[in-house]
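A.B. asks: Okay, so the sequence shown: first residue is 5 according to the numbering used here, each after it adds one. All C-beta atoms in this analysis are idealised placements derived from N, C-alpha and C, irrespective of residue type, glycine included.
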Amino acid sequence: MKNCQQITQIASDAQERPLSTGEKFQLHTHIMMCKGCRAFYKNTDVLSKMMKTLKKVEGQENQKGGE
Ligand SMILES: [Zn+2]
5 MKNCQQITQI
15 ASDAQERPLS
25 TGEKFQLHTH
35 IMMCKGCRAF
45 YKNTDVLSKM
55 MKTLKKVEGQ
65 ENQKGGE
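1) Taking all protein chains shown into account, decide if residue 34 is buried (16 or more other Cβ within 10 angstroms of its Cβ) or exposed.
2) For residue 45, which residues from the same chain have a beta carbon less than 6 Å from its beta carbon, with the 5 sequence-adjacent residues on both sides left out?
3) Report the option in 32, 56 and 64 whose CA atom is closest to the CA atom of residue 19.
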């Protein structure tokens with residue numbers, strides 16, 4: 005079982021690169037049980053979605069719809 009520090013590291017990595025199956029498993033089993041890491045993961049997720057949305061708006065300002 006990984007500790008919280010490792011899990012938050014994986015959660016951050018998840019925003020930068022695709023996780024391996026093992027990492028995903030560790031992350032998801034941990035955040036199911038750990039409130040702190042779940043909150044952290046949610047935050048990184050929200051942040052990354054915001055960043056992606058911003059990038060999308062910047063990169064595709066002339067295009068509508070899609071996806
Ligand atoms: Zn934790």
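C.D. replies: Let me lay it out:
1) buried
2) The answer, listed in chain order, is 15 and 35.
3) 56
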